[in-house]
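Those letters in the sequence shown? Residues 6 to 194, by this note's numbering.
Idealized CB from N, CA, C, for every residue including glycine.
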Amino acid sequence: MSSLPSLSPLPFIFVRHGETFYNFEKRVAGSRNVPLTPKGEAQALNARQVLTDIADPFVVSSTLDRAIKTARIAMPDHEPMTLAGLCERDWGPLQGNSIPDQMPYVEAVDGVESWEDFQTRVINAINEAQRLAQGRPVIIFAHAGVFRVVRMATQGHLEGKRLPNASPVKLLPAGDTWEMIPLQPEDWA
């Protein structure tokens, strides 16, 4: 087993995309391009309220349409740079199916991107975004699985409430740990 890269100890804001039709239907989207629902578009518009005052942000998103559209609605004056490394995990044969009671997040499954490869890809992409930002505040628009990697890298575990759609979270390094601060705490209730 190879060692994973470390997440650069720089603050950033993470926003999961707005609700998609697969979210609504409780199906696995993974690397498929699934459009936002009207509710997802409204959620992105709501996220704009807490992101609009961030001065000179570096906005980055996955290359999947749901993340790009969320970024464009939430940050209309800042065209997102896209990074493929921020795409949702490739769930292979599970994509399009109903979400099982227990997702095999860390277990090896034929045809599914491995947990280790996924973590490496995501951490490298976040570090690349930080490098490209050159000190500007970074806002990342991506996916629940990408946030799962962020949670593991910053909190050391996968446990926790699923990140609500289009609900920004600020991640701040604090010594050897990280603080996770919901910017719309009412979404986490």
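Original post:
Just how far apart, CA to CA, sit residue 163 and residue 84?
Top reply: 31 Å
Original post:
Near residue 126, what residues of its chain come up, given a Cβ to Cβ distance below 6 Å and the 5 sequence neighbours on each side ignored?
Top reply: 90
Original post:
Is the beta carbon of residue 24 less than 9 Å from the beta carbon of residue 54?
Top reply: no
**OP:** Let me know the secondary structure DSSP gives residue 138 once reduced to three states.
**Re:** helix
**OP:** In the DSSP assignment, find the alpha helix (DSSP H) that holds residue 178 and state where it starts and stops.
**Re:** Not the alpha helix (DSSP H): residue 178 falls in the beta strand (DSSP E), residues 174-179.
Subject >> Three-state class that DSSP yields for residue 94 in the structure shown >> reply: coil
Original post:
If we count Cβ pairs, one from each stretch, closer than 8 Å, do we get three or more for the stretch 96-114 versus the stretch 75-83?
Top reply: no
Subject >> Test: residue 162 CB closer than 9 Å to a CB of chain C >> reply: Judged by its chain identifiers, the structure shown contains no chain C, having just a single protein chain.
**OP:** Can you tell me which of the three DSSP states residue 60 falls into?
**Re:** coil
Original post:
Does the stretch 167-174 come close enough to the stretch 9-29 to have 3 or more Cβ pairs within less than 8 Å?
Top reply: yes
**OP:** Could you tell me how far apart the beta carbons of residue 157 and residue 124 are, in whole angstroms, since I believe they sit closer than 8 Å?
**Re:** 7 Å
Original post:
Are the CB atoms of residue 128 and residue 17 nearer to each other than 9 Å?
Top reply: no
**OP:** Return the first residue and the last residue of the alpha helix (DSSP H) that residue 147 is part of.
**Re:** Per DSSP, residue 147 belongs to no alpha helix (DSSP H); it is in the beta strand (DSSP E), 143-147.
Original post:
Taking the C-alpha atoms as reference points, what is the distance between residue 104 and residue 33?
Top reply: 5 Å
Original post:
Is it true that the CB of residue 67 sits closer than 9 Å to the CB of residue 19?
Top reply: no
**OP:** Identify whether residue 18 lies in helix, strand or coil by the three-state DSSP scheme.
**Re:** strand
Subject >> Cα-Cα separation, residue 148 to residue 138 >> reply: 20 Å
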